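Report on the structure given below.
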Amino acid sequence: MITTEMYVQWSLQYHLFWLRILKEHAIFIEATMPPPGKSLALAADAYKQNYDLFLITAIGLANGVIPNEVLQSGQYYTQFTEVAEQIAQQYTGININTEITISEYDIEPLSAPFNVTSNMEQEISLLNQNILSLTGSFVQFQSQLLNNRSSCGIFTLMYTGDILHILLEAKRYQMILSALEDKDEEAIENYKTFWTHNMADHAKVMRGQFDPTETAYFNRANMFSNLFDTLYGEEMDPATYPSDATLLKSTSDIRDFKADTTEAIIQCDVQSIMLPLYTDHLLREANHFIFLMQ
Ligand SMILES: [Fe+2]
Ligand SMILES: [Fe+2]
Numbered sequence: 047m048i049t050t051e052m053y054v055q056w057s058l059q060y061h062l063f064w065l066r067i068l069k070e071h072a073i074f075i076e077a078t079m080p081p082p083g084k085s086l087a088l089a090a091d092a093y094k095q096n097y098d099l100f101l102i103t104a105i106g107l108a109n110g111v112i113p114n115e116v117l118q119s120g121q122y123y124t125q126f127t128e129v130a131e132q133i134a135q136q137y138t139g140i141n142i143n144t145e146i147t148i149s150e151y152d153i154e155p156l157s158a159p160f161n162v163t164s165n166m167e168q169e170i171s172l173l174n175q176n177i178l179s180l181t182g183s184f185v186q187f188q189s190q191l192l193n194n195r196s197s198c199g200i201f202t203l204m205y206t207g208d209i210l211h212i213l214l215e216a217k218r219y220q221m222i223l224s225a226l227e228d229k230d231e232e233a234i235e236n237y238k239t240f241w242t243h244n245m246a247d248h249a250k251v252m253r254g255q256f257d258p259t260e261t262a263y264f265n266r267a268n269m270f271s272n273l274f275d276t277l278y279g280e281e282m283d284p285a286t287y288p289s290d291a292t293l294l295k296s297t298s299d300i301r302d303f304k305a306d307t308t309e310a311i312i313q314c315d316v317q318s319i320m321l322p323l324y325t326d327h328l329l330r331e332a333n334h335f336i337f338l339m340q
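Next up, the structure:
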């Protein structure tokens, strides 16, 4: 069982990360949808708007609740997020509310042990249940999209493997939220295999979305794909399970690669079919994995 203070703090810590991640999945679905999928693009836009509303609520509730080192961990926003959002809006025509990002810079950190009022606990509980309900619907939407895409009923410019990837991330958030609602301390159990597998997926999508002429970036992404496939394989057997130091070092390395790539895309120093908001998103997921390990 977790205490009420942990319940409130952990809920908000996870929301600030996951609400933005799921909102961006909706943006990526919309941005990669050709004209025949217009109704799907509109549905994705509605999920984006609903996640925005919950993110604004979570930011409002987070003042004085989250330690400064967590706020500064690079899992909620990075030095690139705001400009990457502006570029994504300019390139795709999708409205992206950068005011939300700017408001996150001013979240007041936890300064003293806080006491949770029953009012606050109720607000968090209501927020968690509302997010669970929206995410249940988003999971269904993505499952249908995956089925349609993999059976060739529709075409989108998002890889089938990436649709599966974002679906599994939404299910992960559902699982964490359900565990928090049960006040279950094992809410983040097995996060290492989940995130190791994700780092391998990220490297593979990046490998496939650099311009074919960008050999150095392609080779680097391929190296990380092999590295995280190997680490994931080793995690399947307790006898070969990688050390925390190895996982941390490898994730820090891919994090640096994602940061370099995001900067290079923003500066137009590398050609690709990735939005800088996409690589910044992958960067924040690496920072989240690093945060969980520390
Ligand atoms: Fe993601
Ligand atoms: Fe991911």
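The opening position of the sequence shown corresponds to residue 47 in the numbering used here, with each subsequent residue numbered one higher. Beta carbons: idealized from backbone N, C-alpha and C, even for Gly. Note that the structure is predicted; figures quoted are calculated from it, not measured.
So residue i and residue j are supposed to be a Cβ contact under 8 Å. How far apart are they, rounded?
i: PHE264; j: ALA246; result: Contact doesn't hold; Cβ gap of about 16 Å is too wide.
i: PRO155; j: ILE105; result: Not really, about 13 Å apart at Cβ, beyond 8 Å.
i: ASP326; j: THR308; result: 5 Å
i: MET204; j: ILE75; result: 7 Å
Rounded to the nearest angstrom, what separates residue i and residue j at their Cα positions?
i: TYR237; j: LEU338; result: 8 Å
i: THR103; j: PRO258; result: 42 Å
i: GLN55; j: PRO82; result: 43 Å
i: VAL116; j: CYS198; result: 42 Å
i: SER196; j: GLU169; result: 40 Å
i: ILE312; j: PRO288; result: 35 Å
i: ASP290; j: ILE222; result: 22 Å
i: LEU58; j: LEU65; result: 10 Å
i: ASN244; j: LYS94; result: 22 Å
i: GLU150; j: ALA285; result: 43 Å
i: LEU342; j: GLU167; result: In the structure displayed, the chain extends from 47 to 340; residue 342 sits before or after that span and is not available.
i: PRO322; j: ALA130; result: 5 Å
i: LEU191; j: LEU328; result: 21 Å
Taking the continuous alpha helix (DSSP H) assigned at residue i, which residues delimit it?
i: TYR324; result: 322-339
i: GLN95; result: 84-108
i: THR206; result: 206-227
i: ASN194; result: 164-196
i: MET245; result: 237-255
i: SER149; result: 144-150
i: GLU309; result: 290-312
Say whether chain B places a C-beta atom closer than 8 Å to the C-beta of residue i.
i: ASN265; result: Protein chains in the displayed structure number just one, and chain B is not present.
Any heavy atom of ligand 4 inside 7 Å of the beta-carbon of residue i?
i: ILE153; result: Among the ligands present in this structure, namely ligand 1 and ligand 2, ligand 4 is not found.
Residue i: buried (16+ other C-beta within 10 angstroms of its C-beta) or exposed?
i: ALA249; result: buried
i: GLU331; result: buried
i: LYS229; result: exposed
i: SER318; result: buried
i: ILE142; result: buried
| request: Using the beta-carbon of each residue, find all residues closer than 6 Å to any heavy atom of ligand 2 and list them in chain order. | output: HIS211, GLU215, ASN244, HIS248, GLU331
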